[in-house]
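Participant: To convert, note that position 352 of the sequence shown is 358 in the working numbering; the numbers rise steadily by one, no gaps.
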Amino acid sequence: MNLSSFNIYPVGGSQMKKISAIVLACCIALPVFGTPVLAAGPVQAVLTESLISVDDLGYPFLRLRGYNIEGRTYFRLRDLALIFDGSPSQFDVAWNGKENAVEIITGRPYSSPGSYDGYYPWNKVSTAKPATSKIVINGEVRQVKAYVIDGSTFLQLRELGQHIPFEVIYDGERDEIRLYSRLPDNAYRVHVTPAVIFNQLKWKFPRWKTPVTSYLVANGDQTLSVIEAGSSISIETYDLQFRLLARKTSEPELPLFGGFFSGEKYNYIAFGQENREQNDNKEVIRIVRYDKQFNRIDSVSVKGGESFTVVPFHDGSGRMAEHGDTLVFHTARLRYKTPDGLNHQSQLTIVVDTSTMTVTNHLGRFQENHVSHSFDQYVLFDGNRHVLLDHGDAYPRSIVLSRQSGNSYNTVSMFDIPGKIGANMTGVSVGGFEMSSTSYIVAMNTVDHSLVQEYTDTEMVGLPMDQRDIILSVVPRNNLSPQAVTQRTIAKYAGTDNIASIPHLVKVSDNRFLVMWQEYDSYGRSSLKYVTVDQDGVPIGSIRSLDHFWLSECKPIVADGKVIWYANFLQSRIFYTIPL
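1. Assess contact between the segment 423–434 and the segment 484–502, defined as three or more Cβ pairs (one per stretch) separated by less than 8 Å. Is contact present?
2. Could you tell me how far apart the beta carbons of F97 and R78 are, in whole angstroms, since I believe they sit closer than 8 Å?
3. What does the Cβ neighbour count give for C32, buried or exposed, with the cut at 16 atoms within 10 Å?
4. Counting pairs of beta carbons, one from the segment 184–198 and one from the segment 91–108, are three or more of them closer than 8 Å?
5. If I measure Cβ to Cβ from D304 and keep anything under 7 Å in the same chain, skipping five residues before and after, which residues do I get?
6. Is it a yes or a no for the segment 532–550 touching the segment 233–244, going by three-plus beta-carbon pairs under 8 Å?
7. Can we say the segment 377–395 touches the segment 343–358, given the rule of at least three CB pairs closer than 8 Å?
8. When the Cα of V357 is compared with those of T54, V99 and H336, which residue comes out closest?
9. Between which two residues does the alpha helix (DSSP H) containing A87 stretch?
10. Looking at R409 and L486, is the spacing between their C-beta atoms short of 8 Å?
11. List in chain order: all unbroken alpha helix (DSSP H) runs of 4+ residues lying wholly within the segment 139–211.
12. Would DSSP call Q493 helix, strand or coil?
13. Considering only the beta carbon of each residue, do F300 and N273 sit closer than 8 Å?
14. So, helix, strand or coil for H455, using DSSP?
15. Which whole-angstrom value describes the C-beta separation of R341 and R371, a residue pair presumed to lie in contact below a C-beta threshold of 8 Å?
16. Can you tell me which of the three DSSP states P488 falls into?
17. Just verifying my parser: in three-state terms, what is the DSSP assignment at W278?
18. Check the DSSP bridge columns for E55 and list the partner residues they point to.
19. Tell me, please, whether the segment 319–328 touches the segment 212–229 by the rule of three or more beta-carbon pairs shorter than 8 Å.
20. At which residues does the alpha helix (DSSP H) containing G310 begin and terminate?
21. For E109, which residues does DSSP report across the bridge?
22. Need the endpoints of the beta strand (DSSP E) that V564 sits in, please.
23. Report yes or no: do the segment 558–567 and the segment 96–111 share at least 3 C-beta pairs separated by less than 8 Å?
24. Can you say whether P261 is buried or exposed, counting buried as having 16 or more other CB atoms within 10 angstroms of its CB?
25. Should D527 be labelled buried (16 or more other beta-carbon atoms within 10 Å of its own) or exposed?
26. Excluding sequence positions up to five away, which residues of its chain have a Cβ less than 6 Å from the Cβ of D422?
27. Roughly how many angstroms lie between the CA atoms of G124 and T492, to the nearest whole one?
28. Keeping to the same chain, check which residues put their C-beta closer than 6 Å to that of V202; ignore five residues upstream and five downstream.
29. What does a CB cutoff of less than 6 Å around L386 pick up in its chain, not counting 5 residues either side in sequence?
30. Buried or exposed for E76, going by 16 or more other Cβ atoms inside 10 Å?
31. In the DSSP assignment, the beta strand (DSSP E) including L222 goes from what residue to what residue?
32. Enumerate in chain order the residues of its own chain whose CB-to-CB distance from H455 is below 7 Å, with the five nearest sequence positions on each side excluded.
33. Within 10 Å of its beta-carbon, does S507 have 16 or more other beta-carbons around it, so buried, or fewer, so exposed?
34. If you reduce the DSSP assignment to three classes, tell me which class I405 lands in.
35. Locate the beta strand (DSSP E) running through V539, then write down its first and last residues.
36. In or out: V544 buried (at least 16 other Cβ within 10 Å) or exposed?
Listed below in structure tokens is the structure:
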């Protein structure tokens, strides 16, 4: 969407309703010639200004000028062509003098971008006269009521939206207009209130992760649930046609959110609170168990002294997995001060016996699977053994896999990170960790490390741009040795004109996975890329592309014969699906 020609001001959201009393229209700043059309006699047109947004993409509202004619607001078609440009509802506008017609071609980029500021003088009152030229949309003449003001033709916006198409929603309380372009196939928009938090994947890469706050769960009863953590925990349930069935909220039990997990029988949420005073008896983490309707059952707590925790979940993500009565929460923490006077960060792995809701492992300053600093954490079960993945920047400085072996762990580096120990900038990010019938597979991205002269806490010196290739790091389940680790480049981006997001890894079956990422070009335009890989991470077929699809931090799931995920916008949520 091109915003260069508009005045932009930040505006908050509010309750929306379908437009009814107000009919919006747009104008076409093109010559007018003589063919009779259905229109009333001359009427007064008064310059006005409206707040407009397009597709809830997170941009501020546009203050767009137009005209008020008999209580109805009208806008120029060229302005709309400009703001819809690049969206699924983009269209081009042209004048056909031979046919005495304004021609609109849908699905085509706007061919005359530019600034139209100043076209309408302020405080102007004009006369709107019946229009005469034909309106042709995709080669078909449409009978549309129209007016002419100072040689320009005006059309009703709602009627135009039926042909482009796009959706119009009007907030009468705040006098705001929201326009929504048509959706691509296999995408479904839901309007939500109150406003939700943006969660789309971006092209910028954080040095460390934070807990995931957007989750999608298949409930096993032909419904899906969206669980989101903000000031409260929101649970929304949808049917398989993405119609909202129920919504409930729950207040956090402690100030910090650490993660959510949907187990076979129960749901779990980890909460936490700071312990800056280093109080050994203070509760720092509480894992709460709920039934599948999110009724609270019980909880288990971790105290500051036993875990040496000052701030739970600090600079890490936190994920859970279960096997039988064993639940593992693999997260991070900022620890008690050491003799050097510093609070160091490392992983924290909590093993819970859910039959008694008690912690069964040692939580000391240094655990058997110690990683410091640990900037991202994953966990899965291989039989009754849990398998951990950490993004370490010091001890070790690698993407390290740790598999339980009794009370200790077997470890292997899935990706060695160059640079000095403890330099926060690592040039890599992990996006997925899964197990196949034969292998452990890590989906991640990485810069071209040969271009980096020095790694510091804030930059990679000498790297011209933070562009990262999409890679898979794979190791056989039966051979956790460095020599057995294989790294495969799935998509090359370093040194190109494009940038890729952190990838997702979606398990379709024990032998099929999807690697998914967002691609951005130099103009900021985006498309979804994905490729199927086998049990050893070998691509099957070529990379596919879907325009106007957005990945988010919500991990895609497999349900109803589809890969499904959602992305939040300003006051809308879009569910995206890829049929399998």
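Even for Gly, the Cβ is constructed at its ideal location relative to N, Cα and C. Small disclaimer: the values here were computed from a predicted structure and weren't measured.
Facilitator: According to the structure shown:
1. These segments do not touch.
2. Position 91 of the sequence shown, counting from 1, holds the residue named residue 97. Position 72 of the sequence shown, counting from 1, holds the residue named residue 78. Contact doesn't hold; Cβ gap of about 22 Å is too wide.
3. Position 26 of the sequence shown, counting from 1, holds the residue named residue 32. Unreliable placement is indicated for C32, whose pLDDT of 45 sits below 50; the coordinate value is still reported in the next sentence. Buried is the call here.
4. The segment 184–198 makes contact with the segment 91–108; the number of CB pairs closer than 8 Å reaches 3 or more.
5. In the sequence shown, the residue the question calls residue 304 occupies position 298. R295 and M363.
6. Because the criterion of three Cβ pairs below 8 Å is not met, the segment 532–550 and the segment 233–244 do not touch.
7. Pairwise C-beta distances place the segment 377–395 in contact with the segment 343–358, as three or more of them are shorter than 8 Å.
8. Taking the sequence shown and counting its residues from 1, one reaches residue 357 at position 351. Nearest Cα to V357 within the set T54, V99 and H336: H336.
9. Locating residue 87 in the sequence shown gives position 81, counting from the first residue. Element bounds for A87: L83 to F90.
10. For the purposes of this step, residue 486 is identified with residue 480 of the sequence shown, where counting begins at 1. For the purposes of this step, residue 409 is identified with residue 403 of the sequence shown, where counting begins at 1. Yes. Within cutoff.
11. For secondary structure counted as the alpha helix (DSSP H) over 4 or more consecutive residues, the segment 139–211 holds these complete runs in sequence order: 163–169.
12. Numbered from its first residue, the sequence shown carries residue 493 at position 487. Q493: strand per DSSP, three-state reduction.
13. Sequence index remark: in the sequence shown, residue 300 carries index 294 (1-based). Sequence index remark: in the sequence shown, residue 273 carries index 267 (1-based). In contact: F300 and N273 (Cβ atoms closer than 8 Å).
14. Here the question's residue 455 lines up with position 449 in the sequence shown. Under the three-state reduction of DSSP output, H455 falls in the helix class.
15. On the sequence shown, position 335 is the one that residue 341 refers to. On the sequence shown, position 365 is the one that residue 371 refers to. Indeed, because the Cβ distance is near 6 Å, the residues count as touching under 8 Å.
16. If you number the sequence shown from 1, residue 488 lands on position 482. The answer is helix: DSSP assigns P488 an H, G or I state.
17. Against the sequence shown, residue 278 aligns to sequence position 272. For clarity, residue 278 is Gly in the given sequence; the question names Trp instead. For G278, the three-state secondary structure derived from DSSP is strand.
18. Locating residue 55 in the sequence shown gives position 49, counting from the first residue. DSSP output for E55 lists R71 as bridge partner(s).
19. Segments in contact, yes.
20. Here residue 310 corresponds to residue number 304 of the sequence shown, with the count starting at 1. It spans G310 to S313 - the alpha helix (DSSP H) in which G310 sits, taken as one unbroken run.
21. On the sequence shown, residue 109 is found 103 positions in, with the first residue counted as 1. DSSP output for E109 lists A100 and V142 as bridge partner(s).
22. Stepping through the sequence shown from its first residue, residue 564 is reached at position 558. V564 -> beta strand (DSSP E) spans I563 to A565.
23. Taking 8 Å as the limit for Cβ pairs, the verdict is that the segment 96–111 does not touch the segment 558–567.
24. Numbered from its first residue, the sequence shown carries residue 261 at position 255. Looking at its Cβ environment, which holds fewer than 16 other Cβ atoms inside 10 Å, P261 is exposed.
25. Counting from 1 along the sequence shown, the entry for residue 527 is found at position 521. Around the beta-carbon of D527, fewer than 16 other beta-carbon atoms lie within 10 Å, marking it exposed.
26. Taking the first residue of the sequence shown as 1, we reach residue 422 at position 416. Excluding residues up to 5 positions away in sequence, S404 lie with their Cβ nearer than 6 Å to the Cβ of D422 in the same chain.
27. Counting from one through the sequence shown, the residue named residue 124 turns up at place 118. Counting from one through the sequence shown, the residue named residue 492 turns up at place 486. Any reading at G124 must be qualified, since the residue scores a pLDDT of 42, below 50, and its modelled position is unreliable; no value is offered.
28. Here residue 202 corresponds to residue number 196 of the sequence shown, with the count starting at 1. Only N574 meet the Cβ criterion.
29. Residue 386 sits at position 380 when you count from the first residue of the sequence shown. Leaving aside the five residues that flank L386 on each side, the residues in its chain whose CB is nearer than 6 Å to its CB run, in chain order, A327, V393 and M441.
30. In the sequence shown, residue 76 corresponds to position 70, counting from 1. It counts as exposed.
31. To locate residue 222, count along the sequence shown from 1; it is residue 216. Element bounds for L222: S220 to A224.
32. The sequence position of residue 455 within the sequence shown is 449, counting from 1. Within the same chain, H455 has close Cβ partners P424 and G433.
33. For the purposes of this step, residue 507 is taken as residue 501 along the sequence shown, with counting starting at 1. Buried, by the Cβ-count rule.
34. Residue 405 sits at position 399 when you count from the first residue of the sequence shown. In the structure shown, I405 sits in a strand (DSSP, three-state: E or B).
35. One-based indexing of the sequence shown puts residue 539 at position 533. Start and end: S532 to V539.
36. Position 538 of the sequence shown, counted from the first residue, corresponds to residue 544. Of the residues assessed, V544 falls on the exposed side of the cut-off, its CB having fewer than 16 other CB atoms within 10 angstroms.
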